[in-house]
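One structure is given below, encoded as structure tokens.
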Amino acid sequence: MRKKQSTTTIGGPTARRAVGVALAAGFLTLAVAAPQPALALTAASTATTTKSAPTTESVTATTPGTATTAATVPSPVGTWSVTTQESDHPASTGTLFFYADHTLRLEAHPGPDGKPVFVGTGEWHSGYGGTLHYEFTHPLPGTRTGTAYVELDGVLTSSTGFSACGLTKRVYDDGGTETVTIVMTGTKTA
């Protein structure tokens, strides 16, 4: 049996076109606000990134007659006081610097003179919803020297806090290796 089609017409072609434009505008708003790897804009559209502060970034998409700003996303760029806990060592403190060029520097384990026992360097990348991935290397001080290769995944819990966990692979100068878990929390100081 054939289905009966509705014959009720609400508005003419102009009204239907207006509804289509409104739906398309709503979709563009959702597309800009939703976390996406890339935002495709039409030739008539432009996108600009505005740095409003060293710790935030917002994206504005403009189409003829409209502008939509997505939510501000926290950035780790800055100086952080960190506490690190490796599975086989007591907790230690240090300072972690996330730089705008996606490099980082860790100064950790203050010695008796207050200076860091070691300095690590590496890189970081941010992801959706404040996620953060960073990795760095640092020398292993003490009687069994070598190099530590650290890789962590975490999240910015606020614009001034993060927590991360991962693994440290220690490669010793005597040829030995071991892998331990690591947890790091940080509070932004500058």
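Residue numbers (mature numbering (1 follows the signal peptide of the UniProt record, and there is no 0)): -33 to -1, 1 to 157.
Every residue gets a Cβ at the ideal spot worked out from N, C-alpha and C, and that includes glycine.
Note that the structure is a prediction, hence the values are computed from the model and not measured.
Here G89 has L71, E102 and F103 as same chain residues with Cβ atoms under 6 Å from its own Cβ, once five neighbours each way along the sequence are excluded. Positions of the beta strand (DSSP E) runs, each at least 3 residues long and wholly inside the region 111 to 151, are given as 113 to 125 and 128 to 139 in order along the chain. Per DSSP, H92 is one residue of the beta strand (DSSP E) stretching across P83 to S93.
Contact between the region 48 to 57 and the region 78 to 88 is absent: fewer than 3 CB-CB pairs across the two stretches fall below 8 Å. Rounded to the nearest whole angstrom, the CA to CA distance from E74 to G61 is 6 Å. Here Y66 is not bridged, per DSSP, to any residue. Residue pairing by DSSP places V49 opposite G61 and G153 in a beta bridge.
As DSSP reads the structure, P79 sits in no beta bridge. Taking the CA atoms as reference points, A157 sits about 36 Å from D140. T146 sits close to T135, with the two beta carbons spaced by under 8 Å.
Residues of the same chain with a CB within less than 7 Å of the CB of F85, apart from the 5 flanking positions on each side, are A75, H76, H105, P106 and P108 in chain order. Inclusion of G128 and G153 in the CB contact set at 8 Å is warranted, their separation being smaller than that value.
In this structure L99 is in contact with P43, their Cβ atoms being roughly 6 Å apart against a cut-off of 8 Å.
Pairing H69 with H92 gives a Cβ-Cβ distance under 8 Å. DSSP links H100 through a beta bridge to H92 and D120. By the neighbour-count definition (other C-beta atoms within 10 Å, threshold 16), A58 is an exposed residue. Per DSSP, the beta-bridge partners of P106 are T114. When only Cα atoms are considered, Y95 and V138 end up about 32 Å apart.
For P41, the secondary structure class from DSSP, reduced to helix, strand or coil, is strand.
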